[in-house]
Each structure stands twice: as C-alpha cells, then as structure tokens.
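Trainee: Under this note's numbering, the first residue of the sequence shown is numbered 277, with each subsequent residue one higher.
My structure is below; once you've seen it, I'll send some questions.
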Amino acid sequence: MRQHKNNQFKGTAKKVWDFIWNDDSAWSWIANVVLAFILIKFVVYPLLGLLLGTQLPVVAVISESMSHTPTPLCEQRSLFTGDCISYTQGGYEICATEQSSKKKLSFENYWFICGSWYEDKGISKEEFKNFKLQNGFEKGDVIVLRKADPEKLEVGDILVFLSNIDSTKSRPYPIIHRIVNIQETSEGKMFSTKGDHNGFQIVTTTFNEKEILQSQVLGKGVARIPLVGYVKLWFVDLLNLVGLAK
277 MRQHKNNQFK GTAKKVWDFI WNDDSAWSWI ANVVLAFILI KFVVYPLLGL LLGTQLPVVA
337 VISESMSHTP TPLCEQRSLF TGDCISYTQG GYEICATEQS SKKKLSFENY WFICGSWYED
397 KGISKEEFKN FKLQNGFEKG DVIVLRKADP EKLEVGDILV FLSNIDSTKS RPYPIIHRIV
457 NIQETSEGKM FSTKGDHNGF QIVTTTFNEK EILQSQVLGK GVARIPLVGY VKLWFVDLLN
517 LVGLAK
C-alpha cells in the first residue's frame, strides 16, 4: 500500500513538473507567472531584505523626478505628490528650465542648467560629481537599498523615505530623492531632499521633503538596475486597466 502511494505521489509530481516547465499552454504560462510571483514575494524579497537590513530592499522608480533627461513641459502638478499629471505640447524642461531637446544631459550640461540651485545650498560641482548616482536615474529603473543609519547618512546620499505618516489624504508611499541638507533636532536628525530633475523642493499636504524625520526613513540607495522596474509599472497599469488597483 505504501509503495502504491509513493508511486502515485511521484506520478503526480512528474505531471505537475511537466505542466509547469514543459507545457506550452496558456495555463502553464499563467502558473509560471504565479509561481515566480510567490517565490519573489515570499522567498527572494524577504531574504534580500534580511541581507540588506531593510524592509524595502528594492524599489521601482515610478517618476522622472531623479532623471537627468528633459521631460515634456509640465502643465499641472498633483496637489498631493507634486508629480506632473498633465503636459503641454512641444518643448521640454529640466530643473524648471525649458529645453529644446529631450536628449539626456551630460554631467557638465546638467550642472550648467541645474547647478546654481545646489551652489546656493553650499553644494559645489566637485562635491556633486562625487555623489552616489551623480547622473541620476530613470523612471523604470530599480534601486537597491540597504539599511540607513541616520548618523551615517550624508548630503548627496540617495534617501528612500515615506511621505508624511500622519497624512489623512492617502496612505504613506515611498519617495526616492537626494539628500541636500541635514539638521540636528530634539527628535534626532531631520533630512531635506530634492529630486535631481526638479527645479524646487516639493511641499504638499502629504509630502514635505524639507522636513523628513528619522521615523520616515526606509533605506539608502546603493545601486541601480536599469529598466527592470517597468515590469512592476506595466503590471500596475494592467491592474488599473481592469479596475483592480486601489
């Protein structure tokens, strides 16, 4: 009887294996996607978080706020996030300065256009050139994070933090910008950030990047993986299309 059950189990396991890895049907493809999602979410992601010491080991970049590539001229911004929600026809911009081309800027050209803002804050061109990810990163990239010790964070570091935790307008969401100032307060360090692409620091009802508390900090960006984040962005767009995203 035991031998019979063992044979049954082996036969079933072989069928499942063949279905997942050798079958070319649509159902097999769906099973592969579901299996990959489960493995990444419940095995790979937690292990990566454990190794890097953060609950958010990777984050997909969902906006152009850190890009050194000009984007279409912004017509209207969100009152909650500060992100552009509608664009004008013709023309491009970066650091609130109109450009004729959407070609990504070299570091020299970026500094020529955007550098005065940083110089006013006491950040020199040479200092910026030595910052981590000094050429920014693009929408659709993935940024690898590690645990951020507030005492070791420096101006120029890439900071991932939650939008205002006490907001009643929406759930807190992660922001990824560059630290431009650090202050000591009675509650610990207070950080100030700015997106490389933006012409100003964003202050809205849910997002004040001039006053980021230690309790909002999720991690520090240490590496960039180009384009991989588009998988998540496309998946979210699909959920929005079918009305499942919240």
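Heads up, the beta-carbon is just placed ideally off N, CA and C, and yes, glycines get one too.
Given the structure is predicted, the values throughout are model-derived calculations rather than measurements.
Could you compute how far the alpha carbon of SER443 sits from the alpha carbon of LEU355?
Mentor: Confidence at SER443 is low in this model, with a pLDDT of 49, below 50, so its placement is unreliable and the value that follows should be read with caution. About 13 Å.
Trainee: Which class does TYR394 belong to by DSSP, given the choice of helix, strand or coil?
Mentor: Three-state DSSP puts TYR394 in a helix.
Trainee: Using 10 angstroms around the beta-carbon of SER301, count the other beta-carbons present and answer buried if the total reaches 16, otherwise exposed.
Mentor: It is exposed - the Cβ of SER301 has fewer than 16 other Cβ atoms within 10 Å.
Trainee: Using the Cα positions of SER491 and LYS405, report the straight-line distance between them to the nearest angstrom.
Mentor: Approximately 29 Å between the Cα atoms of the pair.
Trainee: Quick one: what's got a C-beta closer than 8 Å to ASP417's C-beta in the same chain, skipping five residues either side?
Mentor: Closer than 8 Å at the Cβ level, and outside the excluded window around ASP417, lie ALA336, VAL337, ARG500, ILE501, PRO502, LEU503, VAL504, GLY505.
Trainee: Using the three-state DSSP reduction, which class does LYS401 fall into: helix, strand or coil?
Mentor: Looking at LYS401 - three-state DSSP - the assignment turns out to be helix.
Trainee: Provide the residue span of the beta strand (DSSP E) that contains LYS465, from first to last.
Mentor: Per DSSP, LYS465 belongs to the beta strand (DSSP E) from 464–470.
Trainee: Distance, Cα to Cα, ARG447 vs ASN440?
Mentor: For ARG447 and ASN440, the distance between alpha carbons rounds to 9 Å.
Trainee: If SER362 sits next to GLN352, beta carbons under 8 Å apart, how far is it from one beta carbon to the other, in whole angstroms?
Mentor: The Cβ separation is near 4 Å, so the contact holds.
Trainee: Can you tell me the Cα-Cα spacing of SER341 and GLN331, whole angstroms?
Mentor: Rounded to the nearest angstrom, the two C-alpha atoms are 23 Å apart.
Trainee: Taking GLY497 and ILE452 to be in contact with their CB atoms under 8 Å, please state how far apart those CB atoms are, rounded to whole angstroms.
Mentor: Confirmed, about 6 Å.
Trainee: Under 8 Å, do SER468 and ILE488 count as touching if we go by C-beta distance?
Mentor: In contact: SER468 and ILE488 (Cβ atoms closer than 8 Å).
Trainee: So the beta strand (DSSP E) TYR449 belongs to, where does it begin and stop?
Mentor: Where TYR449 is concerned, there is no enclosing beta strand (DSSP E), given that its DSSP letter is neither H nor E.
Trainee: Going by DSSP, what residue range makes up the beta strand (DSSP E) through THR373?
Mentor: From DSSP, the beta strand (DSSP E) with THR373 extends over 373–375.
Trainee: Determine the burial state of ILE434: buried for a count of at least 16 other Cβ atoms within 10 Å of its Cβ, exposed for fewer.
Mentor: So ILE434 ends up on the buried side.
Trainee: Under the assumption that LYS423 contacts GLY495 (Cβ atoms under 8 Å), give the Cβ distance between them as a whole number of angstroms.
Mentor: Contact flag correct, Cβ pair sits at about 6 Å.
Trainee: Enumerate in chain order the residues of its own chain whose CB-to-CB distance from TYR449 is below 6 Å, with the five nearest sequence positions on each side excluded.
Mentor: Result list for TYR449: SER439, in chain order.
Trainee: Under 8 Å by Cβ, that's how I've got LYS378 and PRO346 pegged, so tell me the actual separation to the nearest angstrom.
Mentor: Contact holds; Cβ gap of about 5 Å.
Trainee: Alpha carbon to alpha carbon, how far is TRP303 from PHE483? Give it in angstroms, no decimals.
Mentor: One C-alpha to the other measures close to 43 Å.
Trainee: Classify GLN365: buried if its beta carbon has 16 or more other beta carbons within 10 angstroms, exposed otherwise.
Mentor: It counts as exposed.
Trainee: Can you list, in chain order, the residues of its chain whose CB lies under 6 Å from that of GLY432, leaving out five sequence neighbours each side?
Mentor: Cβ within range, chain order: PHE407.
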